Amino acid sequence: MIYDHQKIEAKWQERWAESGVFEVEADPSRPKFYNLTMYPYPSGALHQGHVRNYTYGDLLTRYMTMRGYNVLSPMGWDSFGLPAENAAIATGVHPRVNTEAQIARMSEQIRRLGAMYDWRRELASHKPDYYRWDQWLFLKLFEQGLAYKAEAPVNWCPNDQTVLANEQVVDGHCERCGHEVIRRKLSQWFFRITDYAERLLNDIEKLEHWPERVRTMQRNWIGRSEGATFTMRVEGLDASFEVFTTRPDTIFGMTFAVLAPEHPLVDEIVAGTEAEEAVRAYQEQAAKASEIERLAEGEKTGVFTGRHAINPANGRPVPIYVADYVLMGYGTGAIMAVPGQDQRDWDFATRYGIEIIRTVQPPDDFEGEAYVGDGPAINSDFLDGLHMAEAKERIIQWLEDQGLGRREVQYRLRDWLISRQRYWGCPIPIVSCPDCGLVPVPEDQLPVELPDVQDYAPKGRSPLAALDSFVQTTCPSCGGPAQRETDTMDTFVDSSWYFLRFTDARNDEAIFDPEKAAYWMPVDQYIGGIEHAVLHLLYSRFITKVLYDMGLSAVEEPFERLFTQGMIRLGGAKMSKSKGNIVDPLDLLASHGADALRLYHLFMGPPAEDADWDEHGIDGTARFLDRVWRLAIGQVGEPVEREETDADREVLAEAHRTVKKVTEDIERFAFNTAIPALMTLVNTLTDYVRAGARRQTLDTVIELLLLLLSPMAPHIAHELWERTGHTSLLATEPWPEWDPELVAREVVTLILQVNGKVRDRIDVSADISPEEAERLALESERIREWIGDGEVRKVIARPPRLVNVVVG
RNA sequence: GCCCGGGUGGCGGAAUCGGUCAGACGCGGAGGUCUUAAAAACCUCUGUCCCCAAGAGGACGUGUGGGUUCGACUCCCACCCCGGGCACCA
Numbered sequence: 175m176i177y178d179h180q181k182i183e184a185k186w187q188e189r190w191a192e193s194g195v196f197e198v199e200a201d202p203s204r205p206k207f208y209n210l211t212m213y214p215y216p217s218g219a220l221h222q223g224h225v226r227n228y229t230y231g232d233l234l235t236r237y238m239t240m241r242g243y244n245v246l247s248p249m250g251w252d253s254f255g256l257p258a259e260n261a262a263i264a265t266g267v268h269p270r271v272n273t274e275a276q277i278a279r280m281s282e283q284i285r286r287l288g289a290m291y292d293w294r295r296e297l298a299s300h301k302p303d304y305y306r307w308d309q310w311l312f313l314k315l316f317e318q319g320l321a322y323k324a325e326a327p328v329n330w331c332p333n334d335q336t337v338l339a340n341e342q343v344v345d346g347h348c349e350r351c352g353h354e355v356i357r358r359k360l361s362q363w364f365f366r367i368t369d370y371a372e373r374l375l376n377d378i379e380k381l382e383h384w385p386e387r388v389r390t391m392q393r394n395w396i397g398r399s400e401g402a403t404f405t406m407r408v409e410g411l412d413a414s415f416e417v418f419t420t421r422p423d424t425i426f427g428m429t430f431a432v433l434a435p436e437h438p439l440v441d442e443i444v445a446g447t448e449a450e451e452a453v454r455a456y457q458e459q460a461a462k463a464s465e466i467e468r469l470a471e472g473e474k475t476g477v478f479t480g481r482h483a484i485n486p487a488n489g490r491p492v493p494i495y496v497a498d499y500v501l502m503g504y505g506t507g508a509i510m511a512v513p514g515q516d517q518r519d520w521d522f523a524t525r526y527g528i529e530i531i532r533t534v535q536p537p538d539d540f541e542g543e544a545y546v547g548d549g550p551a552i553n554s555d556f557l558d559g560l561h562m563a564e565a566k567e568r569i570i571q572w573l574e575d576q577g578l579g580r581r582e583v584q585y586r587l588r589d590w591l592i593s594r595q596r597y598w599g600c601p602i603p604i605v606s607c608p609d610c611g612l613v614p615v616p617e618d619q620l621p622v623e624l625p626d627v628q629d630y631a632p633k634g635r636s637p638l639a640a641l642d643s644f645v646q647t648t649c650p651s652c653g654g655p656a657q658r659e660t661d662t663m664d665t666f667v668d669s670s671w672y673f674l675r676f677t678d679a680r681n682d683e684a685i686f687d688p689e690k691a692a693y694w695m696p697v698d699q700y701i702g703g704i705e706h707a708v709l710h711l712l713y714s715r716f717i718t719k720v721l722y723d724m725g726l727s728a729v730e731e732p733f734e735r736l737f738t739q740g741m742i743r744l745g746g747a748k749m750s751k752s753k754g755n756i757v758d759p760l761d762l763l764a765s766h767g768a769d770a771l772r773l774y775h776l777f778m779g780p781p782a783e784d785a786d787w788d789e790h791g792i793d794g795t796a797r798f799l800d801r802v803w804r805l806a807i808g809q810v811g812e813p814v815e816r817e818e819t820d821a822d823r824e825v826l827a828e829a830h831r832t833v834k835k836v837t838e839d840i841e842r843f844a845f846n847t848a849i850p851a852l853m854t855l856v857n858t859l860t861d862y863v864r865a866g867a868r869r870q871t872l873d874t875v876i877e878l879l880l881l882l883l884s885p886m887a888p889h890i891a892h893e894l895w896e897r898t899g900h901t902s903l904l905a906t907e908p909w910p911e912w913d914p915e916l917v918a919r920e921v922v923t924l925i926l927q928v929n930g931k932v933r934d935r936i937d938v939s940a941d942i943s944p945e946e947a948e949r950l951a952l953e954s955e956r957i958r959e960w961i962g963d964g965e966v967r968k969v970i971a972r973p974p975r976l977v978n979v980v981v982g
């Protein structure tokens, strides 16, 4: 670099902080813009993913500020969580000490990028003044019956010794440590997100400015399916079970029924029978096998229970099997099996020699096994001849009329399991009293502070459970001896409402002031990684809806626009410490500076897509900044005083076209094309100055250039703004407007084609008529050569762009 | 298997509405200027092929094969490949 970037960066970072430009208050007289980047886990070291994230975010903060918006851009820390706790187990250093040191380190690094935030609103989820409101929120959910405790089979990570939400299990393995996950029964806390399933699903339609991909993932996650539930009687016993099906129209094709191995009825129907032993063995094997093994096997296995159930539609007894391809966690854990219309049932039936009855007539050319498509019903009594939709309606009506079943909607979404047997999280504010049961800690006693412990190692229960001084308390209701809940909350609880807290972060009377939140919310632009497409974004939507229902949030959806950035790769693999392919941004800050680093991130490729890191790429953006520097301080050449010429006017026009291009590119998140537009302008200006620039034109154009550069490479832009004689702070200057008349080209190049191939180009006036364009085309010598002896069949004139002569 | 993305020079990528010889801008590479030398900077060239002394000119070219159109990287159909997500969900 030809200038001292270190010095300039430090100088302007200090000036911006002093100016208070990015410290904002709710002001209903001004249009607001809430710009948020996902708050980071304080790992202590900035990586390129952060740099990309904050570069985009800061660009928007600065751009919208220049556009005159009241821009809220806060920063905080997702500071509870496993990494700090694991570090504490390894080193014995308290997670708080570690976490706070890392926060200090990381916030310093973020400042060095020149990214600006309203630091007065800084929050950290591990601090009592924050998690106190987690607890308050928990109590509100508890009051409404939306938080409940239940015995449930849970996903258990033997390595982390904790419970995982379904969402945190990836391919049967722990999302964090990769260890295989097993099932286990435990008493756990849940949030009743399923109560909101329908709304969460329907409102996806409102999220027009979200990537389609994220909307699809959320839709699939919620997984709504419509069908019917009906009861099946077990023959010869006073027992029955319910099945859920999306294809009640195929009920006459049922040739067997299946219960999940965990189904509570299994023990009862086989007790004392010949089948008991085989069924027990099968159950044990199914429970032992991990989900991975169950799936990997592919072959459908099961055992006959010796019992039959009655098909309510025709009174026919069908054999009941136990098979692990039916899952206890979905629907009722029991199905009616229709092998003619379901491939899984087909596979099972062929293996065990069970009868197959088709109830939908497949097309003549159908060659598959089970037929799942539409067609007229057959072998189905009163449904015969009806097509799928109509048959479904008819049979559901019939089941309801007979009192045998009902229409039902099932969701794949389960309740959100929020308790963790971990130390470094927010304590759940509940006291368990032998007389009163589960009693909420009164609001005025919040926060239930996280006490210090000696031993962080998990032993299947929270480390807090070993701490008598914490556990033993008195019941808030009866005053008798009672015990505190020792589980802590999933950190996704912390992050599902932090964006609301930012609107009023220092409030110690309430979670936030609804009026302030009403001004700032929704978040106008949310920027973060695609990895949060389901978990964090779904939980945030849920909690926002709960707060909306409580009258605290004015909006039902928290994030108006979502942008998910791509990841950064090196040598084809995601940059990560474990792979050892890290390019440390701190090294680049030292060698090339924040502006060059930011610019390279913007230039690298489409923001939404993954990008490969090129070790020389940043050299290019650094060279560009050097060129800008030389140009602005007059090192390329000195301009002269003279009358304006056409060439001067063309340079000005190009500058205005660049203003238009850059503005439109920022608006559509196409930063990777905004930078080349600036580079092209600088190339033009360099040539212009070498050829002898007119002073007034050059000054105007440099001014435009610095304004455009200001959100992208703010340090150099501010320095040069000052050095070119301005006394104002560039960050608060209005964003430049382009002059439409200058932008419009007077003379354009008209393309002349023969049979769609370009054969000549001529300069014409931009407002040329089609007739005139056609005349000029036919007069062109080169066009006439290419027409030759051919007959002109048609002339397509699209002035001022092109004329195409069709020759036969 | 299903659902999303995507496939353009040596590389990252551009082409916003079907219309400026497709390849902007940058990286890398080659040659040159300056210099005792080097670095930096600057200049020229840089899709493939044909043709030409040169200027110029021509053909081909956006994963493959078809189609629509005066005109296709762009739209339609089929297929191949890569990346991601989901996956025994009844």
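Throughout the first sequence, residue numbering follows this note's numbering, covering 175 to 982 in sequence.
All residues carry an ideal CB built from backbone N, CA and C; glycine is no exception.
Predicted model, so just to flag it, every value in this text is computed and none were measured.
*Count the other CB atoms, across all protein chains shown, that sit within 10 Å of the CB of valine 697; report buried if there are 16 or more and exposed otherwise.*
If you draw a 10 Å sphere on the C-beta of valine 697, you find 16 or more other C-beta atoms in it, and that means buried.
*Which class does isoleucine 182 belong to by DSSP, given the choice of helix, strand or coil?*
Residue state, collapsed to three classes: helix.
*What are the complete alpha helix (DSSP H) segments, minimum 4 residues, inside the stretch 256-335?*
The alpha helix (DSSP H) runs lying completely inside the stretch 256-335 and spanning 4 residues or more are 256-265, 269-286, 302-317, given in chain order.
_Selected residue, minimal CA-CA separation from asparagine 394, among His775, Tyr774, Leu712, Arg407_ = Ranking His775, Tyr774, Leu712, Arg407 by Cα distance to asparagine 394 puts Leu712 first.
*Skipping 5 residues on each side, what residues in its chain have a beta carbon closer than 6 Å to that of glutamine 457?*
If you ignore the 5 residues before and after glutamine 457, its C-beta comes within less than 6 Å of the C-beta of Pro435, all in its own chain and listed in chain order.
*Which ranges does the beta strand (DSSP E) cover as unbroken runs of at least 3 residues, wholly within the stretch 517-559, from first to last along the chain?*
Complete beta strand (DSSP E) runs here, min 3: none at all.
*Could you check how far apart the C-beta atoms of tryptophan 787 and isoleucine 742 are, in whole angstroms? I think they sit under 8 Å.*
Going by Cβ atoms, the distance from tryptophan 787 to isoleucine 742 rounds to 6 Å, so yes, they are a contact pair.
*Of the residues Ile570, Arg635, Arg935, which one's Cα is nearest the Cα of valine 921?*
Checked all of Ile570, Arg635, Arg935; the closest Cα to valine 921 is Arg935.
*Do the CB positions of proline 910 and leucine 872 come within less than 8 Å of each other?*
No Cβ-Cβ contact shorter than 8 Å links proline 910 with leucine 872.
*asked:* Using 8 Å as the threshold, is the C-beta distance between tyrosine 700 and phenylalanine 676 below it?
replied: The beta carbons of tyrosine 700 and phenylalanine 676 sit no closer together than 8 Å.
*Residues bridged to lysine 968 by DSSP?*
Bridge partners of lysine 968: Val980.
_Neighbourhood of valine 856 by C-beta, 8 Å cutoff - its chain only, sequence neighbours within 5 removed_ = Within the same chain, valine 856 has close Cβ partners Phe798, Arg801, Val802, Leu805, Leu879.
*Can you tell me the Cα-Cα spacing of glycine 994 and phenylalanine 430, whole angstroms?*
Absent from the structure is residue 994, since the part of the chain shown begins at 175 and ends at 982.
*Going by CA-CA distance only, name the one from Leu439, Tyr630, Leu721 that's closest to tyrosine 983.*
Nothing can be reported for residue 983, as the shown portion of the chain is limited to 175 through 982.
*asked:* Please state the DSSP three-state secondary structure of methionine 562.
replied: Helix, per DSSP.
*Do the CB positions of glutamine 515 and valine 546 come within less than 8 Å of each other?*
Yes, these two residues count as a Cβ contact at 8 Å.
*Looking at the structure shown, is threonine 648 part of a helix, part of a strand, or coil, going by DSSP?*
Three-state DSSP puts threonine 648 in a strand.
*asked:* On the DSSP letters alone, give me the boundaries of the beta strand (DSSP E) that histidine 482 sits inside.
replied: That run of the beta strand (DSSP E) goes 476-484.
*Sorted by chain position, which residues of the same chain lie with C-beta nearer than 7 Å to tryptophan 895's C-beta, five sequence neighbours on each side aside?*
Answer for tryptophan 895: Leu880, Leu904, listed in chain order.
*Hey, is the stretch 280-295 in contact with the stretch 768-781, meaning 3+ C-beta pairs nearer than 8 Å?*
They touch, by the three-pair rule.
*Can you give the beta carbon distance from valine 928 to tryptophan 960, rounded, assuming they're within the 8 Å contact cut?*
Your pair valine 928 and tryptophan 960 checks out as a contact, with CB atoms roughly 4 Å apart and the cut at 8 Å.
*So the beta strand (DSSP E) alanine 497 belongs to, where does it begin and stop?*
Its beta strand (DSSP E) spans residues 491-497.
*Apart from the five residues on each side of it in sequence, which residues of its chain come closer than 6 Å, Cβ to Cβ, to glutamate 471?*
Low confidence applies to glutamate 471: its pLDDT is 47, below 50, so where it sits in the model is not reliable, and the reading given next is rough at best. Only residues of its own chain outside the window of five on either side were considered, and among them none has a CB closer than 6 Å to the CB of glutamate 471.
_Check for me: the alpha helix (DSSP H) holding threonine 677 runs from which residue to which?_
Premise fails: threonine 677 is in no alpha helix (DSSP H) and is neither H nor E.
*asked:* By DSSP's criteria, aspartate 761 is part of a beta bridge. Which residues make up the other side?
replied: Per DSSP, aspartate 761 has no beta bridge partner at all.
*Exposed or buried, what is serine 253 when buried is set at 16 or more other beta-carbons lying within 10 Å of its beta-carbon?*
Buried, because 16 or more other Cβ atoms sit within 10 Å of the Cβ of serine 253.
*For asparagine 329 versus histidine 353, is the C-beta spacing smaller than 8 Å?*
Taking 8 Å as the cut-off, the beta carbon of asparagine 329 is found no closer than this to the beta carbon of histidine 353.
*asked:* What would DSSP say about histidine 790, mapped onto helix, strand or coil?
replied: In the structure shown, histidine 790 sits in coil (DSSP, three-state: anything other than H, G, I, E or B).
*Could you check the C-alpha separation between aspartate 618 and glutamate 317 for me, to the nearest Å?*
Roughly 16 Å separates the two Cα atoms.
*asked:* Taking the alpha carbon of glycine 231 as the reference point, which residue from Tyr213, Gly654, Asp664, Phe404 has its own alpha carbon closest?
replied: Taking only the C-alpha atoms, the option nearest glycine 231 is Tyr213.
*asked:* Looking at glutamine 362: is its Cβ nearer than 8 Å to the Cβ of leucine 726?
replied: Contact: no.
*To the nearest angstrom, report how far apart isoleucine 176 and alanine 796 are at their CA atoms.*
If you draw a straight line from the Cα of isoleucine 176 to the Cα of alanine 796, it is about 9 Å long.
*Under the assumption that methionine 695 contacts valine 729 (Cβ atoms under 8 Å), give the Cβ distance between them as a whole number of angstroms.*
Contact flag correct, Cβ pair sits at about 5 Å.
*From the DSSP output, in three-state form, read off glutamine 571 for me.*
Helix at glutamine 571.
*Buried or exposed: where does valine 271 fall if 16 or more other Cβ atoms within 10 Å of its Cβ makes it buried?*
When all chains shown are included, valine 271 counts as exposed.
*Over the uninterrupted alpha helix (DSSP H) stretch that includes asparagine 227, give me the two end residues.*
Segment 222-240, the alpha helix (DSSP H) holding asparagine 227.
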